[in-house]
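These notes concern the structure reproduced below.
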Amino acid sequence: MEFLLVQALSGLASAASLFLVASGLSIIFGVTRIVNFAHGAFYMLGAYVAYTLTTRFAGPFGFWGAIVAAAIIVALLGALMEMVLLRRIYQAPELFQLLATFGVTLMVQDLVVVIWGPEDLLGPRAPGFTGAISLFGRMVPTYDLFMMTLGPVVLGILWLLFHKTRWGVLVRAATQDREMVAALGVNQKWLFTGVFALGVFLAALGGALQIPRTTVTHAMDLSIIVEVFVVVVIGGLGSVFGAFVAAIIVAELNAFGILILPQISLITVFLVMAVVLVVRPWGLFGKPESAPRAAAGLTIRPWRPFTQVERAGVALVVVAVAALPFFLGNYALTVGAEILIYVLFAASLHFMMTVGGLASFGHAAYFGLGAYGAAFLVKYMGAPMEAALIVGPLLGLAGAVLFGWFCVRLSGVYFAMLTLAFAQIAWSIAFQWVDVTGGDNGLLGIWPATWASRPAGFFWLALGIAVVGVGVLRMLVFSPFGYGLRAVRDSALRSEAIGLNRQRMQWAAFIVAGTFAGLAGALFAFLKGSVFPDYMAIPTSVDGLVMVLLGGVETVSGAVVGAVLYKALAIWLMSQTDLSKLVLGGVIVVIVLAFPKGVVGFIEDLRHRWPRKGNGATVGATKAEAA
Amino acid sequence: MSPLLEVKDLMKSYGGVHAVRGVSFTVEAGQMLALIGPNGAGKSTCFNMLNGQIPPDAGTVLIEGRDIKGLPPRAVWRLGVGRTFQITATFASMTVRENVQVALLSFHGRISRVFGFAGAACRAEADALLALVGLTTQAERPCGELAYGDLKRLELAVALANEPRLLLMDEPTAGMAPRERVELMRLTAEIARAKGIGVLFTEHDMDVVFEHADEVMVLNRGQLIARGTPAEVRRDPQVRAIYLGEGLLYDARHREGTAA
Ligand SMILES: Nc1ncnc2c1ncn2[C@@H]1O[C@H](COP(=O)(O)OP(=O)(O)O)[C@@H](O)[C@H]1O
Ligand SMILES: [Mg+2]
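Listed below in structure tokens is the structure:
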């Protein structure tokens, strides 16, 4: 009994930082409608800056002053990011905002390593809170008690700020009705910047306050952002009180989950989140969103299938690619096979995103599940490659059936956050369930059949599967089902009024996309000869998103082009620089700002602007373009 | 035989605002029935309760005798109810024809098919509907390029795709030029009479109402205060009091007077 109480107290102490970060995210979202992916990065920066300052300025005044100063410094950085980057994309689709802030996250990850080095850092203890007191016969650090009281105190301060100050009242008004505030003559720009700085301040403070409890590492950004997404999904985006309650729920679930299911502690959090989503899709204390914006894929120019000539062109390209093994060396062919696998992965995400309007931030889950599915078959049942390639992806399908059922209840940013959280849960199961998955060591020895064991053979296998996969997905785009999906995406109101069942259709799209991602994953397992939890990690999901975005969300073929360009660029960068994340993050930000329509969209725009001569200028300009 | 649409004691409030307070009426097949009333009277709220878009706080909606309680809009649509929206809702990424094709595919239960090219499906049928509303020349255009009046026509064509017996049109002519309005409603009336469709519509332009409605209902602050032929409603002192100041009724009568 005493033990449980102590465990609960420790949970409360962890809740404090979680609450700080989540409330910051919520406040920013409430006013700017941006889900700031970089929030985890600011949390991490807060911890790093606090580490530097606290080690430099000793003593109680130095320590506490350093914590606050670190939060302020990072808040200023946040304000800078808001002014330079976000102001340009407030009107852009949610997907772009998430991606841009994710690009910043990537850059920060590398910068942190450059500035502070790759080692984990251990900061000083907090002066005045170095000891532990005995509670129920167990030792509880006094710093934990301090953190426990801090949560309610911050909640109280935020309440006062939002209810008793003019600025706070304005912020609340802006949360409810942005147009009205603009009409009141308030300078909206600075209001947004101020709110963003406040949110970042809270995140950085949450990070800075962690240094007496844990080491500072360069992986703390992603781990916190996933927990924070779970918190805001449960508590309701935009509600500070919801963030408070949900932070406690999640922290306690973590604290007790370890006792009940030490192997897969995140399961308990997942179950609670699932229940909340079914009962109140907008979170415990959130408000239902008014008409959700489509997350992606609003085309103005209707799509049409390839003409005979274009089909012949595509066939020629495929033949040319199939001839590559006669000209390329083994390394190039292995890289080529990897690119082809990613083409299929990106195409599956594209189908869900562009056609279905569902921008998933966790598509890697199904890729990874497919890979594990194939690996399980080989390892535990001794299945041959051919069977594993067919049956393995069914694990991706099963995952998509389960997770998708919950996800399609939501839309827009909620959908994105939930898919990310599910992917992270899948990742942590693979990571923690060592007996079955091998944990961090992965499963090794997943070798292809002899006929595909040479690089050329595997390249042809990958090409065949990619061509068939992309072909099937393309066929779906133009089938009645694909049209129905686009209808649901374009106008929820109208599609419902002509008898379409949005959730069911989107669930089906989710499952299709998950299955094809699983197929890509299974193939990937055989390419690498092994599977690791990282196949399901956030970077893989985001790779997919960037490929689709790079090729152009508004096009049918963009994903293929984007995957080839991006994967080739990434592999090349990896060999050229240690700072690939910095470069990649920069590329993402530039794409979002400069080429919101992607490469294929950009080319199409050019074609659209200068219609080819001969077929009648007006007809040429208004006719559907090949996409 | 039960009427096409029967509404009994419909109620809806938002917080403290009583948007609709005890509205009852019926619509018969082949009838053009106008629902008029000042802005905020509760017309759109009424419409949204008739097709399952929002649940009423109290009251029943019967379509050919069947209670639609708890049915989502897509199920009400299956009962033969088409509707257009005050703010047009179309599929912006598709051509005009494709918009209609999707509705037709849904009506024929073929929207979940994964084989075949949807652009070739139900083509003749779609073109017939487009011809009906006068959009034949626009069929290939992206619907995002259409003029507002043409979008309203497209909404009508889409709403007709399931061969509805009841058509709900919320402000079908809002934002159109006066001549276009009269034309669209004449078209609607023609189609409705030819196919025996019951039409319930809201409208601000009294010229349109008095010319095309068989009957008029007046909604004020969530309550029906009058129902009758256009001539009767125009004479109603209560109705005139509401519209006093807006000058709409006077205007319409004045014009009719000069025409006669
Ligand atoms: N979703 C809503 N939330 C709160 N109030 C609403 C909502 N929809 C309508 N109302 C209120 O209900 C009343 C009736 O609105 P509405 O049905 O749109 O009127 P009309 O279509 O006749 O102009 C108005 O006072 C309006 O402000
Ligand atoms: Mg209205």
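Line order of the protein sequences matches chains U and H.
Using my numbering, the letters of the first sequence map in sequence onto residues 45 to 671.
Using my numbering, the letters of the second sequence map in sequence onto residues 363 to 622.
The beta carbon of each residue, even a glycine, is placed where N, CA and C say it ideally should be.
Checking contacts by CB at 8 Å: is residue i closer than that to chain H?
i, result
"U/Val329", "A small correction: the amino acid at residue 329 of chain U is Phe; Val does not occupy that position in the sequence shown. Output row for U/Phe329: interface = no."
"U/Asp534", "yes"
"U/Gly543", "yes"
"U/Ala531", "yes"
"U/Pro332", "no"
"U/Tyr458", "no"
"U/Pro196", "no"
"U/Leu454", "no"
"U/Leu342", "The pLDDT assigned to U/Leu342 is 47, lower than 50, so where the model puts this residue is not dependable; a value taken from the coordinates is nonetheless given after this. So yes, U/Leu342 belongs to the interface."
Going along chain U in order, which residues have a C-beta closer than 9 Å to the C-beta of residue i?
i, result
"H/Phe409", "Residues of chain U passing the Cβ test: none, with the nearest at roughly 11 Å."
"H/Pro400", "Near H/Pro400 there are no residues of chain U at all, since even the closest Cβ is about 23 Å away, more than 9 Å."
"H/Arg440", "Gly543"
What does residue i touch in chain H if you count any residue whose Cβ is under 7 Å from its own?
i, result
"U/Ile555", "Chain H residues near U/Ile555: none, gap ~12 Å exceeds 7 Å."
"U/Leu537", "Phe447 and Ala451"
Exposed or buried, which one is residue i when buried takes at least 16 other CB atoms within 10 Å?
i, result
"H/Pro417", "exposed"
"U/Val452", "buried"
"U/Ala339", "Legend: pLDDT at U/Ala339 = 40, less than 50; position of this residue unreliable, value from coordinates given subsequently. Result: buried."
"U/His207", "exposed"
"U/Val319", "exposed"
"U/Asp587", "buried"
"H/Gly481", "buried"
"U/Ile268", "buried"
"U/Leu650", "exposed"
"H/Met547", "buried"
"U/Met264", "buried"
"U/Ser601", "buried"
"U/Gln468", "buried"
"U/Ala335", "Confidence at U/Ala335 is low in this model, with a pLDDT of 48, below 50, so its placement is unreliable and the value that follows should be read with caution. Exposed, because fewer than 16 other Cβ atoms sit within 10 Å of the Cβ of U/Ala335."
"H/Glu533", "buried"
"U/Ser619", "exposed"
Using 8 Å as the limit for Cβ to Cβ distance, is residue i near chain U?
i, result
"H/Met604", "In the sequence on display, residue 604 of chain H carries Ile and not Met. No, because no Cβ of chain U sits closer than 8 Å to the Cβ of H/Ile604."
"H/Gly392", "no"
"H/Ala536", "no"
"H/Ser386", "no"
"H/Phe447", "yes"
"H/Val389", "no"
"H/Ala436", "In the sequence as presented, Ala is not what sits at residue 436 of chain H; that position holds Arg. It does; some Cβ of chain U falls within 8 Å."
"H/Ser468", "yes"
"H/Asn413", "yes"
Report the neighbours of residue i on chain H: residues whose CB is nearer than 9 Å to its CB, in chain order.
i, result
"U/Leu520", "Val476"
"U/Gly672", "The structure shown does not extend to residue 672 of chain U, since chain U is modelled only from 45 through 671, so no value can be given for it."
"U/Pro369", "Within chain H, no residue comes near U/Pro369; the closest Cβ sits about 33 Å away, beyond 9 Å."
"U/Gly526", "Val476 and Ala480"
"U/Arg132", "Residues of chain H passing the Cβ test: none, with the nearest at roughly 24 Å."
"U/Pro349", "Phe479 and Gly481"
List, in order along the chain, the chain H residues whose C-beta lies closer than 8 Å to that of residue i?
i, result
"U/Ser523", "Arg475, Val476, Phe477, Gly478, Phe479 and Ala480"
"U/Pro346", "Ser455, Met456, Thr457, Glu460 and Pro504"
Which residues of chain U have a Cβ atom closer than 8 Å to the Cβ of residue i, listed in chain order?
i, result
"H/Ala523", "Ile542"
"H/Pro417", "Correct list: empty, because the minimum Cβ distance to chain U is about 14 Å."
"H/Thr550", "The contacting residues do not exist; H/Thr550 stays about 17 Å from chain U at best."
"H/Val520", "Arg538 and Ile542"
Note down, in chain order, every chain U residue with its Cβ under 7 Å from the Cβ of residue i.
i, result
"H/Ala623", "Look at the range of chain H in this structure, 363 to 622, and you will see that residue 623 of chain H is not part of it."
"H/Leu433", "Simply none; closest approach about 12 Å."
"H/Ala465", "Ile542"
Using the beta-carbon of each residue, which ones in chain A are nearer than 8 Å to residue i?
i, result
"H/Arg472", "Looking for chain A here will not work: the only protein chains present are U and H."
Would you check if the stretch 322-330 of chain U and the stretch 278-298 of chain U touch, i.e. whether three or more CB-CB distances between them fall below 8 Å? Yes, they touch.
When the Cβ atoms of the stretch 391-398 of chain U are set against those of the stretch 554-569 of chain U, are three or more pairs found closer than 8 Å? Contact annotation: the stretch 391-398 of chain U touches the stretch 554-569 of chain U, with at least three C-beta pairs closer than 8 Å.
Is the stretch 526-543 of chain H touching the stretch 495-504 of chain H in the sense that three or more CB pairs, one from each, lie closer than 8 Å? Inter-segment contact for the stretch 495-504 of chain H and the stretch 526-543 of chain H is absent: fewer than three beta-carbon pairs are separated by less than 8 Å.
Suppose only complete runs of 4+ residues qualify. What are the alpha helix (DSSP H) ranges in the stretch 251-297 of chain U, listed by chain order? You should have 264-279.
Report the start-end ranges of each beta strand (DSSP E) in the stretch 73-137 of chain U that is 3 residues or longer and not cut off at the edges. Assignment of beta strand (DSSP E) within the stretch 73-137 of chain U, counting only whole runs of 3 or more residues, yields no such run.
Touching by the beta-carbon criterion (3+ pairs, under 8 Å), the stretch 576-593 of chain H and the stretch 423-436 of chain H: These segments do not touch.
What are the uninterrupted segments assigned as beta strand (DSSP E) that are 3 or more residues long and contained completely in the stretch 386-464 of chain H, given in chain order? Counting only runs of at least 3 residues, the stretch 386-464 of chain H fully encloses the following beta strand (DSSP E) elements, listed from N- to C-terminal order: 394-398, 420-425 and 443-446.
Count the CB pairs spanning the stretch 452-459 of chain H and the stretch 435-443 of chain H that are closer than 8 Å, and state whether there are at least three. Proximity of the stretch 452-459 of chain H to the stretch 435-443 of chain H falls short of the contact definition, fewer than three beta-carbon pairs being nearer than 8 Å.
Do the stretch 514-531 of chain U and the stretch 373-384 of chain U make contact, defined as three or more Cβ pairs closer than 8 Å? Contact between the stretch 514-531 of chain U and the stretch 373-384 of chain U is absent, because fewer than three Cβ pairs lie under 8 Å.
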